[in-house]
Amino acid sequence: MISASDFRNGVTFEMDGQVMQVVEFQHVKPGKGAAFVRTKMKNVITGAVTETSFNPTAKFESAFVERKDMDYSYSDGDLYYFMDSETFDLIPIDKSVLGDAFRFVTENMTCKIMSYKGKVFAVEPPNFVELEVTDTEPGFAGNTATNVTKPATLETGAEIKVPLFVSAGDKIKIDTRTGEYLERCKG
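Going by this note's numbering, the sequence shown opens with residue 1353, and the numbers climb by one from there.
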């Protein structure tokens, strides 16, 4: 059990059957009246953020969110299979859990699998990945205008905007959180 007076950033607890994580907290002692804890918290599974005030003596069940590194193996229809690198067990995860950033993941890439009481609720790919551009319009010399981009298709099938000097066959670095081009890779 954890009380509201023990709240710190990053603490996870169970409230009304939901797993919540403290984003911000503030212990308030007004001149008149009882002290309270103003809390901004995020629902770990849905991502919804709410602000609530608690009595410092309010008690909640602690929640342990398991984060485990697993390698993406293959997909079969709407199921995506991830391998535990310690036990070599294959775990199927439904497509609805993956999220938008998964479009940058290739086979054998290590992702963080987040679960609560054995139920997987999120798959987090690496923050930065290097992928090959498979298709894009050819760049042409003399085009030095800044911040001009063109669409490019990556080896995973995802489409992003890249600078004009990037051509098919180039390896580029991408931020999976924003889906933005970062740099062209050497070699």
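C-beta atoms are modelled at their ideal positions from N, C-alpha and C, and glycine is treated no differently. Owing to the predicted nature of the structure, the values given are computational and were not obtained by experimental measurement.
Check, Outcome
"Would you identify the three-state DSSP class for R1455, choosing helix, strand or coil?", "helix"
"Kindly indicate which three-state DSSP category V1401 falls into: helix, strand or coil?", "strand"
"Give the DSSP bridge partners of K1394, in chain order.", "Q1373 and V1401"
"DSSP beta-bridge partners for P1490?", "DSSP, once it has assigned bridges, lists no residue as partnering P1490."
"Bridge partners for N1536 per DSSP, in chain order?", "Checking the displayed sequence, the identity of residue 1536 turns out to be Arg instead of Asn. R1536 pairs with I1524."
"Assuming Y1426 contacts C1463 (C-beta within less than 8 Å), just tell me the rounded distance between them.", "Between C1463 and Y1426 the Cβ distance is about 13 Å, and since that is not below 8 Å, they are no contact."
"Who pairs with M1435 in a beta bridge, going by DSSP?", "D1423 and L1442"
"With DSSP collapsed to three states, give me the class of S1355.", "strand"
"Tell me the DSSP secondary structure of V1449 in three-state form.", "helix"
"Determine which residues share a DSSP beta bridge with D1428 and list them.", "L1431"
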